[in-house]
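In what follows, a structure is listed as structure tokens, so that the remarks can point back to it.
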Amino acid sequence: MADTLLEARGLTRRFGAALALDALDLAIRPGEFFALLGGSGSGKSTLLRLIAGLDAPDGGALFLDGRDITADPPWARPVHMMFQSYALFPHMSVAENVGYGLRRVGVARGEQARRIAEALALVKLDGLGARRPHHLSGGQRQRVALARSLVMRPRLLLLDEPLAALDAGLREQTGFELRALQRQTGAAFVMVTHDQEEALALADRIAVLEGGRLVQVGTPEEVYWRPATAFVARFLGAANIVEPATLPLKPQVAGAAAYALRPEYIRLTRIGGASDSDLRAIRPSDHRTLGHEETGPNRVMGVVREAAFRGDSTLFVVALEAGGALRVTVHADDPMPEMGERVALAWDPDDLAPLAA
Amino acid sequence: MKRGRVGSWGLALGLGFLWVPVLLLVGFAFSADRIPFQWGGVSLRWFAALAANERLIEAAWLSIRIAAGAATLAMLIGGAAGFALARWGGFGGRVLLGGLIGAPLVLPEVVTGLSLLLTFVALEALTGWPEGRGALTVLLAHGTLGAAYVAVVVQARLAGGERVLEEAAMDLGAGPFTAFCTVTLPLMVPALAAGWLLAFTLSLDDLVVASFVSGPEGTTLPMVLFSALRLGLTPEVNALGAVILLLAGALVGLAMLLLRARRVEGQGEGG
């Protein structure tokens, strides 16, 4: 248990007939940046509220450092949350907001002032302590909310869509600052987000939720390159989902991890544990070559049907002669095919990720 | 262009309809003539006479005390009811309570007054309290009436994001009671104060309900004025009207200022 800070066992939450969380198991390690990624209704916010103690589960238990905290009220949990709306107290100054939690636990006045100043410095808001929240910009409010939680020195900080309310330009910078703060404080950050780019960029590990269940937990690289299901593959950027109906994949040798794709061959490697199910995901950026050479391994022929300029790359939709279509991206430095041009696509077999249904 | 002119004429007409009688009263308060609606030159004599009229002053003082007590009672009951209506979305009978709490706003005052009188009489017969009718029964009656207004104001003001603020407070270590006292209550203060002022003015100028539930020791200012009407008016009444108008206007203005300050703050919150 030494490397588990928070553990959820069989956590279940119902809202009427709807199952928001379905017997969910989860383990969060000390000091990691963990992202709960999912669409609306995936149960990610419900999970966050359960961890904070703002909502009670219908079943299952939560353990913090091995201690059962399921029945603990929110004010007795050493877990703090940054709300999506920031929930700053409008009738208090910035310093009073940040000091609110310290006053509740009875920290001495001098110590309070010191820790408030420290927390404000941490989020680069020195000297703004006397302002009222409504006199601050959105980004500054976000920092106040962050300081208000961090001043409590939590071992686990919950962040509900921390970047969602910020302008696009501020998001990237704030994201880097969040990471820096997380490393600096050594606290475990658990972030809820619906934005896969945010999760991929910030988190050490990502849990993808769908319909109240964990579909996959892994590093950003793992969930991106080796999505466990078609849902994960689609949610984490537009992957090609290859179905046997679209591509006539057939085992060349019975039992071996090799498939024939007329007239060429695409070899598929088995990924640890995953069975050779029907679906495969191929990232648009994963094709190794885009040329005219018709013979060679892992090669299919197709005709370019659509092109979309994306700045540093261009997305092409290639209609395959074998049926179906694949989406591929070509880097701006590489030669671009013309519309209607007949091209050959080839992959590294390792880039075809097998998917569970 | 034409439409704008029609609009401004309409506005002038409407304002005149509402305010000309009031301004007339204020004007005649400064008239020197004995007859309340006859102009006899500018004078402050009726204000002086008013200041010397102990019966009126006493009634006014009683009215103010009753209004203050009733407003406080209304603030407590109405504040609690408004909070409950705004916060606990799903409790049993919520719709019923929501409808009933506002009933005094639309119920004819005669009905309210009569039913309150019956209640007080029955209550006295059963428990011996309240003893007879007087200032106390008027205060209780006005408190009930005012509670409806306070509840509506508080409910409207609490419709915002106070719940998440309370959650934030609890997340930071505050128990529910502390969270309420340090976060929700301070945010309710402007609505409570505005409600108090509304209930205060309501009580100050109520005649009908007070006439039903009052007794020998509870003659409020509107009751004195109304009886004076039958005995023959003096311009003292005009002077009194001017003073009350000033007082009520100041209170309503204060209530509006408080509500507006709250709204501006709410907007600054930015959702």
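So the sequence lines, in the order shown, correspond to chains B and Y. Under my numbering, the letters of the first sequence match residues -5 to 351, in that order. Under my numbering, the letters of the second sequence match residues 87 to 357, in that order. Quick reminder that beta carbons are idealized off the backbone N, C-alpha and C, glycines included.
C-alpha gap between residue i and residue j, whole angstroms
| i | j | result |
| --- | --- | --- |
| B/A301 | B/T323 | 9 Å |
| Y/V295 | Y/L319 | 23 Å |
| Y/F114 | Y/E140 | 22 Å |
| B/W69 | B/A174 | 27 Å |
| Y/L136 | Y/A145 | 12 Å |
| Y/I330 | Y/A314 | 16 Å |
| B/I22 | Y/L283 | 54 Å |
| B/A197 | B/G121 | 31 Å |
| Y/L183 | Y/A285 | 20 Å |
| Y/A153 | B/L140 | 47 Å |
| B/A195 | B/P214 | 8 Å |
| Y/G199 | Y/L142 | 24 Å |
| B/A159 | B/E171 | 16 Å |
| B/A14 | B/L203 | 11 Å |
| B/R256 | B/E315 | Any reading at B/R256 must be qualified, since the residue scores a pLDDT of 29, below 50, and its modelled position is unreliable; the value itself is stated next. Looking at the two C-alpha atoms, the distance is approximately 10 Å. |
| Y/G96 | Y/V106 | 15 Å |
| B/L44 | B/G133 | 27 Å |
| Y/G304 | Y/F133 | 24 Å |
| B/G104 | B/A124 | 17 Å |
| B/L20 | B/T(-2) | 10 Å |
| Y/G185 | B/R147 | 47 Å |
| B/G334 | B/E216 | 35 Å |
| B/I276 | B/E155 | 29 Å |
| B/A193 | B/V312 | 30 Å |
| B/R97 | Y/L288 | 41 Å |
| B/A2 | B/Q210 | 15 Å |
| Y/E322 | Y/R316 | 15 Å |
| Y/L110 | Y/G339 | 21 Å |
| B/Y118 | B/E112 | The sequence shown places Lys at residue 118 of chain B, rather than the Tyr named in the question. Their backbone Cα atoms lie some 10 Å apart in a straight line. |
| Y/H228 | Y/I150 | 12 Å |
| B/E90 | B/L116 | 16 Å |
| B/T223 | B/L320 | 18 Å |
Option in the options with minimal Cα separation from residue i
| i | options | result |
| --- | --- | --- |
| B/R177 | B/D16, B/T6, B/F28 | B/F28 |
| B/D306 | B/A326, B/Y94, B/M295 | B/A326 |
| Y/E253 | B/S79, B/G54, B/P24 | B/S79 |
| Y/P122 | Y/G179, Y/A325, Y/L332 | Y/A325 |
| B/L42 | B/H74, B/D66, B/D52, B/R304 | B/H74 |
| B/R228 | B/D19, B/A2, B/D(-3), B/G32 | B/G32 |
| B/W219 | B/P148, B/N234, B/D52, B/Q136 | B/N234 |
| B/A11 | B/D52, B/L18, B/L0, B/S34 | B/D52 |
| Y/V240 | Y/F169, Y/S289, Y/L191, Y/G259 | Y/F169 |
| Y/A118 | Y/V128, Y/A336, Y/R219, Y/F266 | Y/V128 |
Simplified DSSP state of residue i, which is helix, strand or coil
| i | result |
| --- | --- |
| B/L130 | coil |
| B/G334 | coil |
| B/T64 | coil |
| B/M146 | coil |
| Y/L99 | helix |
| B/S79 | coil |
| B/D120 | coil |
| B/R135 | helix |
| Y/S313 | helix |
| B/F310 | strand |
| Y/A260 | coil |
| B/Q210 | strand |
| B/N234 | strand |
| B/A102 | coil |
| B/A222 | coil |
| B/T323 | strand |
| B/L349 | strand |
| Y/S300 | coil |
| B/R228 | helix |
| Y/S94 | helix |
| B/A159 | coil |
| Y/R249 | helix |
| B/G296 | strand |
C-beta neighbour in chain D for residue i, strict 9 Å
| i | result |
| --- | --- |
| Y/E303 | This model lacks chain D altogether, as its protein chains are B and Y. |
Cβ-heavy atom distance, residue i to the ligand GTP, below 8 Å
| i | result |
| --- | --- |
| Y/L344 | Judged by which ligands are present, the structure shown has none, so any question about the ligand GTP falls away. |
| Can you list, in chain order, the stretches of the alpha helix (DSSP H) that have 4 or more residues and sit fully within the segment 166 to 201 of chain B? | Counting only runs of 4 or more, we get 190 to 196.
| Taking only runs of the alpha helix (DSSP H) that begin and end inside the segment 2 to 63 of chain B, which ones reach a length of at least 4 residues, in chain order? | You should have 38 to 46.
| Would you call the segment 233 to 241 of chain Y and the segment 153 to 164 of chain Y touching, i.e. three or more CB-CB distances under 8 Å? | With a cut-off of 8 Å on Cβ pairs, the segment 233 to 241 of chain Y is in contact with the segment 153 to 164 of chain Y, counting three or more such pairs.
| message | Would you call the segment 122 to 134 of chain B in contact with the segment 76 to 96 of chain B, where contact means no fewer than 3 C-beta pairs closer than 8 Å? | response | Counting C-beta pairs closer than 8 Å gives three or more between the segment 122 to 134 of chain B and the segment 76 to 96 of chain B, which meets the contact rule.
| the segment 178 to 192 of chain B in contact with the segment 29 to 43 of chain B per 3-pair CB rule at 8 Å | Verdict: yes, contact present.
| message | Ignoring anything shorter than 4 residues, give me the alpha helix (DSSP H) runs that lie fully in the segment 172 to 246 of chain Y, in order along the chain. | response | Complete alpha helix (DSSP H) runs here, min 4: 180 to 187, 189 to 192, 195 to 213, 221 to 243.
| query | Counting Cβ pairs closer than 8 Å, one from the segment 251 to 268 of chain Y and one from the segment 53 to 70 of chain B, do we hit at least three? | reply | By the Cβ criterion, the segment 251 to 268 of chain Y is in contact with the segment 53 to 70 of chain B, since at least three pairs of Cβ atoms, one from each stretch, lie closer than 8 Å.
| In chain order, which alpha helix (DSSP H) runs of at least 4 residues are fully inside the segment 260 to 295 of chain Y? | Counting only runs of 4 or more, we get 262 to 265, 271 to 290.
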